[in-house]
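Here full-length UniProt numbering is used: position 100 in the sequence shown is 100, and no number is missing along the way. Every residue gets a Cβ at the ideal spot worked out from N, C-alpha and C, and that includes glycine. This structure is a prediction, so every number in the text was calculated from the model and none was measured. Following: one structure in structure tokens, then a few remarks.
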Amino acid sequence: MAIGLRHNKHSAKKTASRLRRQIRVRKKINGTADRPRLVVTKSSRHLFVQVVDDVAGKTLVSASTMEADLRGASDNKTDKAKTVGGLIADRAKAAGIDSVVFDRAGNKYHGRIAALADAARENGLGF
Numbered sequence: 001m002a003i004g005l006r007h008n009k010h011s012a013k014k015t016a017s018r019l020r021r022q023i024r025v026r027k028k029i030n031g032t033a034d035r036p037r038l039v040v041t042k043s044s045r046h047l048f049v050q051v052v053d054d055v056a057g058k059t060l061v062s063a064s065t066m067e068a069d070l071r072g073a074s075d076n077k078t079d080k081a082k083t084v085g086g087l088i089a090d091r092a093k094a095a096g097i098d099s100v101v102f103d104r105a106g107n108k109y110h111g112r113i114a115a116l117a118d119a120a121r122e123n124g125l126g127f
């Protein structure tokens, strides 16, 4: 499997460090039909989560803070991450997915990423 990440020569130090961590983790984990990969993409404002089967190359389930009911919410970003974690767990269970491989995409496991993962676990998704 080829790792499709862009390397920008002039990217900021934090971005370059995150890309290095992402490559290091992505070499070790892979999503299959039995255990797909739960990918977290984080921007400064929003959070996007997908459950991906890497063998078939398809996104099975997705959720984000860009959805209409979460966009209008006045919660803080961590609370929205918890809501998205619950949503992705419920949608994955409805699609017949019980366990996933967690791919934090080079982001550090704290704050919004940890809140999302904890909420997904609490709603029955196994990591």
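_Please report the straight-line C-alpha distance between Asp34 and Ile97, rounded to a whole angstrom._
Roughly 8 angstroms between the two C-alpha positions.
*Status (buried if at least 16 other CB within 10 Å, exposed otherwise) for Met1*: For Met1, the pLDDT reaches just 44, beneath the cut-off of 50, and the residue's location in the model is therefore unreliable, although a value from the coordinates is still provided. So Met1 counts as exposed.
*If you follow the beta strand (DSSP E) that Arg37 is part of, which residue opens it and which one closes it?*
Arg37 to Lys42 is the extent of the beta strand (DSSP E) around Arg37.
*Does the separation of the CB atoms of Val84 and Phe127 fall below 8 angstroms?*
Phe127 sits away from Val84, with the two beta carbons spaced by 8 angstroms or more.
*Reducing DSSP to helix, strand and coil, say where Ala81 ends up.*
Correct three-state label for Ala81: helix.
_Per-residue burial, Val55 [other beta carbons within 10 Å of its own, 16 or more giving buried]_ = The Cβ neighbour count for Val55, taken over all protein chains shown within 10 Å, is under 16; the residue is labelled exposed.
*Just the Cα atoms here: how many angstroms apart are Asn76 and Ala105?*
Looking at the two C-alpha atoms, the distance is approximately 22 angstroms.
*From the DSSP output, in three-state form, read off Asp34 for me.*
Coil at Asp34, not helix or strand.
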